[in-house]
Amino acid sequence: MSAVPKVLSIAGTDPSGGAGIQADLKTFSALGAYGMTVVTALVAQTTTGVTGIHEVPAAFVAEQLDTLLTDVPADAVKIGMLGNAALIKAVAAALDTYRPAYVVLDPVMVAKSGDRLLPADAVAALRETLLPRVDLITPNLPEAADLLGEEPAGSLAAMHGQAARLRALGARQVLLKGGHLDGDTCVDVLATPEGTIELAAPRVNTKNTHGTGCTLSSAIAALRPRHDDWAGAVRAAKTYLTEALRAADSLHVGSGHGPVHHFHAIW
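Counting in this note's numbering, the sequence shown runs from 133 upward without gaps.
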């Protein structure tokens, strides 16, 4: 690995800059990594919601990956929005060919409204084709439930059970995010081959939470090459996200749920 990790985001766009590849690039830069992108979807989006999605053909996503990775190998990869089974299979094939050392999957499956974003065949492809090929998945509670065909976990004990069952599906490590549960503290469950640990962080009182999932997963990808294990990278990424949330209200972006402040330590 080079002194500056080269980290690739495979994801969709967000014109408002708070989520998607824009958030990923900001996160990579803030954490001292060199960011690269392969675009899977063009999204019409702002802080108030999504009005349209134009998916990039799977063959062109594969071409982007081949063209980039034959010249610039990635030290780590973050995977975000993959809107159909063909895209999922194209990314899985690239992982088999280029075998990056660290791969983080943020399974973008369920909207904040509760609506499913992936058709059933794409969920199956994500579960059966992509999960066994990545190192860490970062689902929230609705996404974990969708992958497992269960109801969302309603307690910390239920989260432990679902994290274990996700590992049984083939995921090597699982970071099950507990932000949907009530309480002043948000507790995530990290399940690895070595065991399961709980990672707590204070709940930040802000409506400006746009892009938190993208930001956390890209922070983990940026930090993993410089940490000895996943737990260290996840802890550092959660600290970064907490501070980005605390500074979010200073940005004043949009009229809806604004973005977190990716450059809180710099600006």
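By construction, the Cβ of each residue, glycine as well, lies at the ideal position given by its N, Cα and C atoms.
| Asked | Found |
| --- | --- |
| Three or more beta-carbon pairs under 8 angstroms between the segment 302 to 313 and the segment 254 to 267, yes or no? | yes |
| Taking C-alpha atoms, which residue in Pro147, Val171, Gly164 and Ser387 lies nearest to Ser141? | Val171 |
| Beta carbon of Ile220, beta carbon of Leu214: below 8 angstroms? | yes |
| Run the CB neighbour count on His393, radius 10 Å, all protein chains shown included, and call it buried at 16 or more, exposed below. | buried |
| Quick check on this structure: which residue in Leu249, Ser287, Thr179 and Leu377 has the alpha carbon closest to the alpha carbon of Val336? | Leu377 |
| Pull up the distance between the alpha-carbon of Glu187 and that of Gly167, whole angstroms please. | 22 angstroms |
| Looking at the unbroken beta strand (DSSP E) that takes in Leu322, where does it start and where does it end? | Thr317 to Thr324 |
| Compare the C-alpha of Ser349 against each of Cys318, Arg231, Leu373 and Phe192 and name the closest. | Leu373 |
| Tell me whether Val136 is buried or exposed, calling it buried when 16 or more other Cβ atoms sit within 10 Å of its Cβ. | exposed |
| Is it true that the CB of Gly150 sits closer than 8 angstroms to the CB of Ala173? | no |
| How far does the alpha helix (DSSP H) with Glu275 in it reach, from first residue to last? | Leu273 to Leu280 |
| Suppose you measure from the CA of Leu258 to the CA of Met241; what does that come to, to the nearest Å? | 10 angstroms |
| Applying the 10 Å Cβ sphere with the 16-neighbour rule, what's the burial state of Ser148? | buried |
| Just to check my reading of the structure: Tyr234 and Ala332 have Cβ atoms closer than 8 angstroms, yes? What is that Cβ distance to the nearest angstrom? | Not confirmed; about 24 angstroms, so no contact. |
| Check the C-beta distance from Leu298 over to Leu322 and give it rounded, since I have them as a contact under 8 angstroms. | With a Cβ gap of about 12 angstroms, Leu298 and Leu322 do not count as contacting. |
| On the DSSP letters alone, give me the boundaries of the beta strand (DSSP E) that Ile185 sits inside. | Gly181 to Glu187 |
| Using only the alpha-carbon positions, how far apart do Thr344 and Ala369 sit? | 11 angstroms |
| Can you tell me which residues form a DSSP beta bridge with Gly144? | Ala173 |
| Identify every residue that forms a DSSP beta bridge with Pro334. | Thr317 |
| Beta strand (DSSP E) containing Lys210: first to last residue? | Ala208 to Ile211 |
| Give me the Cα-Cα distance between Ala285 and Arg367, rounded to the nearest whole angstrom. | 22 angstroms |
| According to DSSP, is His359 part of a helix, a strand, or is it coil? | coil |
| Going by C-alpha distance, which of Thr341, Glu275, Val255 and Asp238 is nearest Ser387? | Thr341 |
| On the DSSP letters alone, give me the boundaries of the alpha helix (DSSP H) that Leu263 sits inside. | Per DSSP, Leu263 belongs to no alpha helix (DSSP H) and is neither H nor E. |
| State the CB to CB distance for the pair Leu380 and Thr338, rounded to an integer number of angstroms; the pair is presumed to be in contact (CB under 8 angstroms). | With the sequence shown as reference, residue 380 is identified as Ala, and Leu is not the correct amino acid for it. About 5 angstroms separates the two Cβ atoms, so the contact holds. |
| Under 8 angstroms by Cβ, that's how I've got Asp207 and Pro357 pegged, so tell me the actual separation to the nearest angstrom. | 5 angstroms |
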